[in-house]
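J.:
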Amino acid sequence: GYYCPTGTVSPIPCPSAHYCPIGSGSTNLCPGSYYCPLSPSNTYYVCPAGYYCPAGMVSPIVCPLGYYCPQGSSTPALCPAGNYCPLTGSSSYQFCPAGYYCPLGASIATPCLPGYFCPASYSYATLCPAVSYCPYPTIAQNVACPAGNYCPSLASTSPTACPAGYYCPSSSFAVTVCP
838 GYYCPTGTVS
848 PIPCPSAHYC
858 PIGSGSTNLC
868 PGSYYCPLSP
878 SNTYYVCPAG
888 YYCPAGMVSP
898 IVCPLGYYCP
908 QGSSTPALCP
918 AGNYCPLTGS
928 SSYQFCPAGY
938 YCPLGASIAT
948 PCLPGYFCPA
958 SYSYATLCPA
968 VSYCPYPTIA
978 QNVACPAGNY
988 CPSLASTSPT
998 ACPAGYYCPS
1008 SSFAVTVCP
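Here it is as structure tokens:
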């Protein structure tokens, strides 16, 4: 690609990061979502998947961790909540598995902590409610407190056996005195 401004005696080569279609009187900055690797050039190329290309690029930039870049990206897209982007050069994101949580921009799936549960594609860990427990390691949902036991507090990791002289129906958060 070359350009010829008014009064030009001979064609001028198109500079890097620009393109000059046939018959150009001036240069054109390579647009976002594209790159212009050749000089002189009369065309531009779509940014490949796994890379992004702001305006004026000679070569694509690899997509960073926690982001994804579909084909034709001008900027990296932050990995959406409930998903993660574990590699540089990601062109898509992965769903967060059950037993893990993935906040906005996650590059890894974070395991649920004891006393919490994490259904698939969640962006946060959910505190285990009283009347249930959340055993460790990672768990996708809370478990109802079984009969003969009680779960008195938030974030229980195991049920507590009902003591002698009391009874505890299923999903109890307190003991009941035997009549």
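Residue numbering for the sequence shown is 838 to 1016, as defined by the numbering used here.
Even for Gly, the Cβ is constructed at its ideal location relative to N, Cα and C.
The structure presented is a predicted model; accordingly, all values stated were derived computationally and were not measured.
My output table needs one value for Tyr-930: the three-state DSSP class, helix, strand or coil.
T.: coil
J.: Would Cys-841 pass as a contact of His-855 if the rule is Cβ separation under 8 Å?
T.: no
J.: Specify whether the region 936 to 946 and the region 982 to 993 touch according to this definition: at least 3 beta carbon pairs, one from each stretch, less than 8 Å apart.
T.: No contact exists between the region 936 to 946 and the region 982 to 993.
J.: Assuming Phe-1010 and Pro-996 make a contact with CB atoms under 8 Å, what is their CB distance in whole Å?
T.: Incorrect: roughly 11 Å between the Cβ atoms, too far for contact.
J.: With a threshold of 8 Å on Cβ separation, who are the neighbours of Thr-843 within its own chain once the five nearest residues in sequence on each side are excluded?
T.: Gly-862
J.: For Ile-898 and Tyr-889, I'd like the C-alpha separation in whole angstroms.
T.: 5 Å
J.: Taking Gly-919 and Cys-933 to be in contact with their CB atoms under 8 Å, please state how far apart those CB atoms are, rounded to whole angstroms.
T.: The Cβ separation is near 5 Å, so the contact holds.
J.: Considering only the alpha carbon of each residue, which of Gly-903, Leu-902, Cys-906 and Ser-911 lies closest to Ala-892?
T.: Ser-911
J.: Restricting to Cα atoms, I'd like to know which of Ser-929, Val-895 and Tyr-921 is closest to Pro-907.
T.: When C-alpha distances from Pro-907 are compared across Ser-929, Val-895 and Tyr-921, the shortest belongs to Ser-929.
J.: Given a threshold of 16 other Cβ atoms within 10 Å of its Cβ, counted over all protein chains shown, does Tyr-904 qualify as buried or as exposed?
T.: buried
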